[in-house]
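*Asks:* Reading the sequence shown from the start, the letters are residues 783 to 1087 in this note's numbering.
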Amino acid sequence: MPNYTLVSTGLTSGIGSYTNSYIEKNGKDFHHVMVCRDPSKVAKKANLTTVKCDLSSIASTKNALEEIKSLVKNGKIPPIKTVLFNAGVSNFSRTVSSKDGFECTFHVNVISPYLFARELIPLLKEFGQGRFVVTGSHSHFADKEHTRNMVPKPYWDDSSMDPVIKPVANPADANPETMEAGLRSYATSKLALLYLFHELARRNPQVKFLVYEPGFVLGTGLGREASLLVRLLMKPAGLVFWLLGWSITKNKSGYLMAKAVFDDELFAKVNNMVYCDLGKIIKSSEDSYNVNREKQLLDTLERIV
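#1: By the three-class DSSP mapping on this structure, what secondary structure does Leu788 have?
#2: Scan the region 816–867 and note each continuous alpha helix (DSSP H) run of 4 residues or more that stays entirely inside, going in chain order.
#3: If you drop the 5 nearest sequence neighbours on each side, which residues of the same chain put their C-beta closer than 6 Å to that of Val1087?
#4: So Thr801 and Ala869 are supposed to be a Cβ contact under 8 Å. How far apart are they, rounded?
#5: So, at 8 Å on beta carbons, what are the nonlocal neighbours of Tyr786 in its own chain, with the 5 sequence-adjacent residues on each side left out?
#6: Once DSSP output is grouped into helix, strand and coil, what is the label at Val989?
#7: Near Glu1076, which residues of its chain fall below 7 Å by C-beta distance, leaving aside the five closest residues on each side in sequence?
#8: Take Ile1063 as the anchor and find which of Val789, Tyr1071, Asn1054 and Leu1048 has the nearest alpha-carbon.
#9: Under the rule that 16 or more other beta-carbon atoms within 10 Å means buried, what is Val878, buried or exposed?
#10: Looking at the secondary structure, which residues open and close the alpha helix (DSSP H) in which Ile797 lies?
#11: According to DSSP, is Asn952 helix, strand or coil?
#12: Applying the 10 Å Cβ sphere with the 16-neighbour rule, what's the burial state of Leu1010?
#13: Decide if the region 898–918 is in contact with the region 984–995; the criterion is three or more beta carbon pairs, one per stretch, under 8 Å apart.
#14: When you measure from the CB of Asp944 to every non-hydrogen atom of the ligand COA, does any distance come out below 8 Å?
#15: Once DSSP output is grouped into helix, strand and coil, what is the label at Glu1076?
#16: DSSP three-state call for Thr917: helix, strand or coil?
#17: Nearest by alpha-carbon distance to Lys935: which of Gln1078, Ser967 and Ala951 is it?
#18: DSSP state of Asp1059, grouped into three classes?
#19: Is the CB-CB distance between Ala1040 and Tyr804 below 9 Å?
#20: Quick one: is Pro996 buried, meaning 16 or more other Cβ sit within 10 Å of its Cβ, or exposed?
#21: Can you tell me which of Asp1081, Asn1053, Asn952 and Ser894 puts its alpha carbon nearest to the alpha carbon of Phe867?
#22: Which runs of the alpha helix (DSSP H) at least 4 residues long sit entirely within the region 871–911? Give them in chain order.
#23: Please state the DSSP three-state secondary structure of Glu1047.
#24: Measuring CA to CA, which of Val1056, Asn1054 and Met943 is closest to Glu1084?
#25: For Lys823, which residues of its own chain have a beta-carbon under 8 Å away from its beta-carbon, when the five flanking residues on both sides are left out?
#26: For Ala726, which residues in the same chain have their Cβ closer than 7 Å to its Cβ, ignoring the five residues on either side in sequence?
#27: Residues bridged to His980 by DSSP?
#28: At which residues does the alpha helix (DSSP H) containing Asp944 begin and terminate?
#29: Looking at C-alpha atoms only, which residue of Phe1044, Thr831 and Leu1079 is the closest neighbour of Pro945?
#30: What number of angstroms, rounded off, separates the C-alpha of Ile784 from the C-alpha of Pro821?
#31: Within a Cβ cutoff of 8 Å, which residues of the same chain sit near Ile903, ignoring the five residues on either side of it in sequence?
#32: How should Ala1050 be labelled, buried or exposed, when 16 other C-beta atoms within 10 angstroms of its C-beta is the threshold for buried?
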C-alpha cells in the first residue's frame, strides 16, 4: 500500500525514460503522479496517475497542479513527499516564444519549476522533510573544467529581467537567431534555476532542495528543435565525447538520478539546498551565489505568473 506520492515531470523520453524504469522497480511503497504532454503514450500501471500538461503554458501548468492538489485533498493519492522536475528544453536560438510570450527555454526550465514549487511546497511541508529535486546543468559554469569551453557565458541584466526572459536580442546576443544565442539561453536558464532554488530554500527551510546535474549526455531530446544538419553532426560528436570520457550514457545517467531521488543517506547530508553532480554534492559556480539576483528573479516570477 503506497504511503506517499512522488510527482514527476520529464520522465517519458531521454534520460527521464531511463530514470522512470528504475523508479518503477522501486514503486511498491509510493504512488507516482507522472506529469506529461501526452498521457495516452504512458502504459497504465498500478500506483500510477498521469496528468496532462504543456509546460510551455502557464494556464496548462496551473491546471495540472490544481488537479494534483485536488487528488491529494480528496484522498485519491497519498500525501506528497517528493517532487522530481526533470523536464527541460534547449533551443538553438533565443527566438522561440512560449504560449505566454516568454523565451521558451526560460519558460520551461525556470517558470514552470517555479510554479511547481509555489503550488507543491506547502504540501511538502505538510508531509515533513519533503524533497524537491530539479534537473540542473553544468552549463551554468560555462568554463573549461565543466563544459570544455563549449558553452557561452550566461547573460544577466541586474536592472531588468526582460532581456533575460523575453525572446529578443540582448547585449550578449545582438542576433538572437544564432545557435550561440540559444546555447547561452540554456546556460542562463540553468543559472537562473540555481538563483531560484537558493531563494526558495532560504524561504522554506522545512523542505530539502536538490539541484541535480545529470552528466553530459547527448541524444536526450533537449535539442529536438535543432536543424537536421546540427542533429546529424551531434551523432558523431557524441561518439567522440564518449571516447574522450566526457559523456555518459542515458541509461547510467537515468539510473543515477533515480538513485539520488530515493537516497536517504544523500538527503541526510542536505541541510536545506545542495547542488549534486551525479550523486556527489559539490559547490555550484561562484556566479550562482548572488542574493540580489535571487531575490530579483523570485520577485519577477511572483509578479508575472
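Every residue gets a Cβ at the ideal spot worked out from N, C-alpha and C, and that includes glycine.
*Replies:* Result, derived from the coordinates:
#1: Counted from its first residue, the sequence shown places residue 788 at position 6. It is a strand residue.
#2: With a minimum length of 4 residues, the continuous alpha helix (DSSP H) runs that stay inside the region 816–867 are 840–855.
#3: Indexing the sequence shown from 1 puts residue 1087 at position 305. These residues qualify, in order along the chain: Ile840.
#4: Residue mapping note: residue 801 aligns to position 19 of the sequence shown, counting from 1. Residue mapping note: residue 869 aligns to position 87 of the sequence shown, counting from 1. Actually they do not touch by this definition, with Cβ atoms about 12 Å apart.
#5: Numbered from its first residue, the sequence shown carries residue 786 at position 4. Excluding residues within five positions, the ones whose Cβ falls inside 8 Å are Asp811, Phe812, His813, Pro860, Pro861, Ile862, Lys863, Thr864 and Phe909.
#6: Taking the sequence shown and counting its residues from 1, the one referred to as residue 989 is at position 207. In the displayed model, Val989 falls within coil according to three-state DSSP, outside both helix and strand.
#7: If you number the sequence shown from 1, residue 1076 lands on position 294. The beta carbon of Glu1076 is closer than 7 Å to those of Tyr977, His980 and Glu981 in its chain, skipping five residues each way along the sequence.
#8: Here residue 1063 refers to the residue found at position 281 when the sequence shown is read from its first residue. Just measuring C-alpha positions, the residue of Val789, Tyr1071, Asn1054 and Leu1048 sitting nearest Ile1063 is Leu1048.
#9: Within the sequence shown, numbered from 1, the residue matching residue 878 stands at position 96. Using a 10 angstroms sphere on the CB of Val878, the tally of other CB atoms reaches 16 or more, which defines it as buried.
#10: Taking the first residue of the sequence shown as 1, we reach residue 797 at position 15. Element bounds for Ile797: Gly796 to Lys807.
#11: Position 170 of the sequence shown, counted from the start, is the residue given in the question as residue 952. It is a strand residue.
#12: Taking the sequence shown and counting its residues from 1, the one referred to as residue 1010 is at position 228. Interpretation of Leu1010 is limited by its pLDDT of 46, a score under 50 that renders its predicted location unreliable; no figure is taken from the coordinates.
#13: Touching, yes, given that three or more Cβ pairs across the two stretches are closer than 8 Å.
#14: The model depicted lacks the ligand COA and carries no ligand whatsoever.
#15: Along the sequence shown, read from residue 1 onward, the residue named residue 1076 stands at position 294. Taken through DSSP and simplified to helix, strand or coil, Glu1076 comes out as helix.
#16: Looking up residue 917 in the sequence shown gives position 135. Thr917: strand per DSSP, three-state reduction.
#17: By 1-based counting over the sequence shown, the position of residue 935 is 153. Cα-wise, what sits closest to Lys935 is Ser967.
#18: Here residue 1059 refers to the residue found at position 277 of the sequence shown. It is a strand residue.
#19: Numbered from 1 along the sequence shown, position 258 holds the residue referred to as residue 1040. Numbered from 1 along the sequence shown, position 22 holds the residue referred to as residue 804. It is a contact, given that the beta carbons lie within the stated cut-off.
#20: On the sequence shown, position 214 is the one that residue 996 refers to. Pro996 comes out buried.
#21: Position 85 of the sequence shown, counted from the start, is the residue given in the question as residue 867. When C-alpha distances from Phe867 are compared across Asp1081, Asn1053, Asn952 and Ser894, the shortest belongs to Ser894.
#22: Within the region 871–911, the alpha helix (DSSP H) runs of at least 4 residues that lie entirely inside it are, in chain order, 894–909.
#23: On the sequence shown, position 265 is the one that residue 1047 refers to. Helix at Glu1047.
#24: Counting from 1 along the sequence shown, the entry for residue 1084 is found at position 302. The residue with the shortest Cα to Cα distance from Glu1084 is Met943.
#25: Taking the first residue of the sequence shown as position 1, residue 823 is located at position 41. Around Lys823: Thr794.
#26: Only positions 783 to 1087 of the chain appear in this structure, which leaves residue 726 out of reach.
#27: Sequence index remark: in the sequence shown, residue 980 carries index 198 (1-based). According to the DSSP secondary-structure assignment, His980 is paired through a beta bridge with no residue.
#28: Here the question's residue 944 lines up with position 162 in the sequence shown. Looking at the DSSP string, the run of the alpha helix (DSSP H) that includes Asp944 is Asp944 to Ile947.
#29: Within the sequence shown, the letter at position 163 stands for residue 945. The option with the nearest alpha carbon to Pro945 is Leu1079.
#30: The residue labelled residue 784 in the question sits at position 2 within the sequence shown. The residue labelled residue 821 in the question sits at position 39 within the sequence shown. According to the sequence displayed, residue 784 carries Pro and not Ile. Straight-line Cα distance between these residues: approximately 21 Å.
#31: Taking the first residue of the sequence shown as position 1, residue 903 is located at position 121. Within its own chain, the residues whose Cβ lies closer than 8 Å to the Cβ of Ile903, once the five positions on either side in sequence are excluded, are Gly912, Phe914, Leu982, Asn986 and Val989, listed in chain order.
#32: As a position in the sequence shown, residue 1050 is number 268, starting the count at 1. Exposed.
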